[in-house]
Amino acid sequence: MDASLFEKNGIVVGKNCIISENAKIGENACIGHNVIINDNVEIGENSFVGSNTILGEPTVGYYNDSEKYEHPKLTIGKNAVIRSGCIIYSGAKIGDHFITGHYVTIREGVEMGHHCSMGIYSMVSQNTKIGNYLKTQMYVLIADDSVIGNYVWIFPNVVTTSDRHPPCSRCNEGITIEDYAIIGAGCAFVPGVKIEKNAIVSAGSFVTKDVKGGMVYAGNPARPICKATKIACEKGLVKKVYPWQDRYCKGYPWDKKEE
Amino acid sequence: MDASLFEKNGIVVGKNCIISENAKIGENACIGHNVIINDNVEIGENSFVGSNTILGEPTVGYYNDSEKYEHPKLTIGKNAVIRSGCIIYSGAKIGDHFITGHYVTIREGVEMGHHCSMGIYSMVSQNTKIGNYLKTQMYVLIADDSVIGNYVWIFPNVVTTSDRHPPCSRCNEGITIEDYAIIGAGCAFVPGVKIEKNAIVSAGSFVTKDVKGGMVYAGNPARPICKATKIACEKGLVKKVYPWQDRYCKGYPWDKKEE
Amino acid sequence: MDASLFEKNGIVVGKNCIISENAKIGENACIGHNVIINDNVEIGENSFVGSNTILGEPTVGYYNDSEKYEHPKLTIGKNAVIRSGCIIYSGAKIGDHFITGHYVTIREGVEMGHHCSMGIYSMVSQNTKIGNYLKTQMYVLIADDSVIGNYVWIFPNVVTTSDRHPPCSRCNEGITIEDYAIIGAGCAFVPGVKIEKNAIVSAGSFVTKDVKGGMVYAGNPARPICKATKIACEKGLVKKVYPWQDRYCKGYPWDKKEE
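Each protein sequence line maps, in turn, to chains A, B and C.
For the first sequence, the positions run 29 to 287 when the numbering used here is used.
For the second sequence, the positions run 29 to 287 when the numbering used here is used.
For the third sequence, the positions run 29 to 287 when the numbering used here is used.
Dropping the structure here:
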């Protein structure tokens, strides 16, 4: 344990922290330095909260009337690793085993399942529904009102949108990404598209239409290329590449080591 | 008001703040925790400054001779909402009703009008001139020496550049975006291009030439597609989509509620 | 010197800093406010460390067993300017004259030469080998296991990847960028590609194959356009544009002023 951390009421806490008296912090939690935890935050046991992180960032109502503002509840499950510099809003609900890189922002109204991880500088906009085991890498923007299934991967620098003819507040819709889908680096998505189960969107694609299940799409605009099962490993190191869940097990429920 | 904030000289201030004695903070301001406000910062009444924000970040001269360095003046108008984690340099001038997301960086020499808002992780480079009512979303980079008019929208993950044959320090120029223009998500711009009044650059475009007024451009490289007035709402919810200012009023001077 | 900084043991230090007793900080260093410097950090003389920066961010082992965790050594050379909000991991090795923008993240296992600079919101992933004089601008992601030569420029919003058929942990490889290469804004790279010496990748390119030395590539997918020596300055301000090192000297070893 860092010499600069100290123990208080069964929790390890760093220096200069500002923690609301009504925040509920589970056993064996470890809080870094300069951490701000506001009212109505609940975080489960065995969790880490990195330095300079804010849990319970106020929603817009705070700026309208900060005197009367009450923080909506923020719930984060057990075994979280929230790395330094994150900002998680009041009014979000996040499952167990949540892992982040640095400077991740999670907005209010987000509901996220268990075992999700978000890469550095990523952001989940408000009212997004996310299943279990989402993994994003860096600079990923999940637009408001998106719906994401289970076991989805999103690689770096992916942007999704929610406004078909901006600016508009009438026909906004997020995107839908179904189970096991893979989104490659540098992709962009127009609002309302659906990426079906087991689909692969290749890096650098601009997606303007629905992506069919089990297919590989690529290009600007993205077009269907082949079935995912046709992809071979150029180095011959992997026999059957897709569906990826048949060969990649570490940390997943189908990992035999975990049984 | 958060229990952890306290009132001092008519201003609400959080913990661990480092505020220069010569900073001028308007009445009814609310400063979060761990905020740094350096010399020669002036921020207007009714403003919020989020936790972990730095106002008056030193310019490069500080690193050359920190003993003799004096902070150039940073002016921010009244009714600002600067969310947590922002860094605003000394030597910028920002109007009233400025709103930011988190981790926004504004460099020295920037001049920005009233009612501008910048999304999370966005950056305005040095010496940029911006009119009133600019709205950017997340991950937007406005390159140095750009000139932006009034009522411009820039959607997420847009990058502008200022160097035609990099690296070069002789023929740099920013881009120009005229009034009411819309820049879609994921666009990139070469230096020196002009986006004319009421133009729309569709999401995912790479813009290498000027974009004519009132036209829609798309693609890599971006080409003219149609007149903006030809765009229809796919859902039929909006009758006449563009010019957007004829149908989208909330918060704008032409909003009848505000009259 | 800022009134809010104070001198201690020959080092200027701001408020609320948390600095390990065994950190080695060179003479004439200047540390901002709220800075965290963990165990086994060594930073050279005449360096600046901006406010809210973390040096010696713990690697993943910390979350597995924080009691037994020992910070691997982080070495940063002399004359560094690390601007506010950066996070540099334990286990990295960085040369002299390192300069960063804000919110830069450098992961463990990175080895970086002298005179490198990283733009705001940029990230270097683990185990990357970087030569001298790398200059990146904002939002640049250098993927794990990449190899970058000397005098390389990377412009804003560039993403590199390391996984050919994600998710995979067996055939990952970074990209290689050789000496004097120029990577334009908004480019993306698939894993394993090599950008050869003196090559130019134009802004907005998606690079799927090796880029030959001294050539200009552009497009999605990127294709060879011409020899770099064929590029002319549109404004006629620069006679011979490339190789850039023949005309751009400031701060480089071939700058006559520095002789």
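Quick reminder that beta carbons are idealized off the backbone N, C-alpha and C, glycines included.
This one's a predicted model, so the numbers in the text were calculated from it and none came from an experiment.
Chain-ordered chain A contacts of residue i [CB-CB under 9 angstroms]
i: B:Leu162; result: The premise fails here: B:Leu162 is roughly 12 angstroms from chain A at the closest Cβ pair, so nothing lies under 9 angstroms.
i: C:Glu85; result: Gly78, Ser79, Arg111, Ser112, His130
Per DSSP, the bridge partner or partners of residue i
i: B:Ser145; result: B:Ile127, B:Lys163
i: B:Ala231; result: Bridge partners of B:Ala231: none, in fact.
i: A:Ala246; result: A:Arg251
i: B:Thr188; result: B:Phe217
i: C:Glu136; result: In DSSP, C:Glu136 forms no bridge with anything.
i: B:Ile65; result: B:Ile47, B:Leu83
i: C:Thr236; result: Note: C:Thr236 sits in no beta bridge, so no partner.
i: A:Cys58; result: A:Val40, A:Phe76
i: B:Ala52; result: Note that residue 52 of chain B corresponds to Lys in the displayed sequence, not to Ala. Looking at the DSSP assignment, B:Lys52 forms a beta bridge with B:Glu70.
i: B:Ile211; result: B:Ile182, B:Val229
i: C:Glu95; result: Its beta-bridge partners do not exist; DSSP assigns none.
i: B:Thr204; result: B:Val175, B:Lys222
i: B:Val88; result: BP columns for B:Val88 are empty, so no partner.
i: C:Val152; result: C:Ile134, C:Ile170
i: C:Glu35; result: C:Val40
Cut-off 6 angstroms between Cβ atoms - residues of its own chain near residue i, not counting five sequence neighbours on either side
i: A:Pro252; result: Met243, Tyr245
i: A:Arg111; result: Gly78, Thr128, Gly129, His130
i: B:Val138; result: Ala120, Val152, Thr156
i: A:Lys52; result: Glu70
i: A:Ala216; result: Val187, Phe234
i: B:Trp181; result: Lys163, Ile210
i: A:Pro271; result: Asn226
i: A:Lys222; result: Thr204, Asp238
i: C:Thr236; result: Val218, Pro249
i: A:Gly105; result: Gly72, Gly123, Asp124
i: C:Lys101; result: Asn68
i: C:Asp93; result: none
i: C:Gly113; result: Asn80, His130, Tyr131
Chain C contact residues for residue i, given Cβ-Cβ distances below 8 angstroms
i: A:Tyr208; result: By Cβ distance, chain C contributes nothing, its closest Cβ being about 11 angstroms from A:Tyr208, past 8 angstroms.
i: A:Phe126; result: Chain C residues near A:Phe126: none, gap ~12 angstroms exceeds 8 angstroms.
7 angstroms CB neighbourhood of residue i in its chain, flanking five on each side removed
i: A:Val266; result: Arg275
i: B:Met29; result: Because B:Met29 sits at a pLDDT of 47, beneath the cut-off of 50, its placement in the model cannot be relied upon, and the point is left open.
i: C:Glu287; result: Caution applies to C:Glu287, whose pLDDT of 45 falls short of 50 and renders its modelled position unreliable; the value that the coordinates give is listed next. Excluding residues within five positions, none has a Cβ falling inside 7 angstroms.
i: B:Gly38; result: Glu55
i: A:His142; result: Gly105, Gly123, Asp124, His125, Asn160
Same chain only: Cβ atoms within 8 angstroms of residue i, ignoring 5 sequence neighbours per side
i: C:Ile46; result: Val63, Ile64, Ile65
i: C:Pro184; result: Gly147, Gln165, Met166, Tyr167, Val168, Ala213, Gly214
i: B:Gly89; result: Tyr97
i: A:Gln273; result: Tyr179, Tyr208, Tyr280, Trp282
i: A:Gly241; result: Glu206, Glu224, Lys225, Asn226, Ala227
i: A:Lys268; result: Thr257, Asp274, Arg275
i: B:Tyr91; result: none
i: B:Lys284; result: Cys277
Contacts of residue i in chain A (Cβ-Cβ under 7 angstroms)
i: B:Ala231; result: Thr189, Ala216, Val218
Per-residue contacts from residue i into chain C (C-beta, under 9 angstroms)
i: B:Cys196; result: Cys261, Leu265, Val266, Val269, Trp272, Arg275, Tyr276
i: A:Trp181; result: Pro194, Pro195
Listed by chain order, chain A residues near residue i by CB distance under 8 angstroms
i: B:Lys43; result: Asn44, Ile46
i: C:Leu169; result: Met166, Tyr167, Pro184, Asn185
Interface flag, residue i vs chain D, CB-CB below 8 angstroms
i: A:Gly113; result: Protein chains A, B and C are contained in the structure displayed, whereas chain D is not.
Within chain B, partners of residue i - CB distance below 7 angstroms
i: A:Ile64; result: His61, Ser79
Chain-ordered neighbours of residue i on chain B, where CB pairs are closer than 8 angstroms
i: C:Ile148; result: Thr133, Met151
Check whether residue i and residue j have beta carbons under 8 angstroms apart
i: B:Ser145; j: B:Ala108; result: no
i: B:Ser190; j: B:Pro219; result: yes
i: C:Ala171; j: C:Gly202; result: yes
i: B:Cys277; j: C:Lys263; result: no
i: A:Ile228; j: A:Ala260; result: no
Partner residues on chain B for residue i, Cβ-Cβ distance less than 9 angstroms
i: C:Ser227; result: Ser is not the amino acid found at residue 227 of chain C; the sequence shown has Ala there. By Cβ distance, chain B contributes nothing, its closest Cβ being about 13 angstroms from C:Ala227, past 9 angstroms.
i: C:Asn178; result: Correct list: empty, because the minimum Cβ distance to chain B is about 14 angstroms.
Residue i Cβ short of 7 angstroms to the ligand GTP heavy atom set
i: A:Ile115; result: Looking at this structure, you won't find the ligand GTP or any other ligand, since it has none at all.
Contacts of residue i in chain C (Cβ-Cβ under 7 angstroms)
i: B:Ile82; result: Ser79, Ser112
*asked:* Whether or not the segment 106-119 of chain A and the segment 67-85 of chain A are in contact is what I'm after, with contact meaning three or more pairs of Cβ atoms, one per stretch, closer than 8 angstroms; do they touch?
replied: yes
*Spell out a yes or no on whether the segment 203-218 of chain B and the segment 173-180 of chain B are touching, meaning 3 or more CB-CB pairs, one atom from each, closer than 8 angstroms.*
yes
*Evaluate the contact criterion for the segment 35-45 of chain A versus the segment 54-68 of chain A: three or more CB pairs, one atom per stretch, below 8 angstroms.*
yes
*Pair every Cβ in the segment 126-134 of chain A with every Cβ in the segment 148-164 of chain A, then say whether three or more of these pairs are closer than 8 angstroms.*
yes
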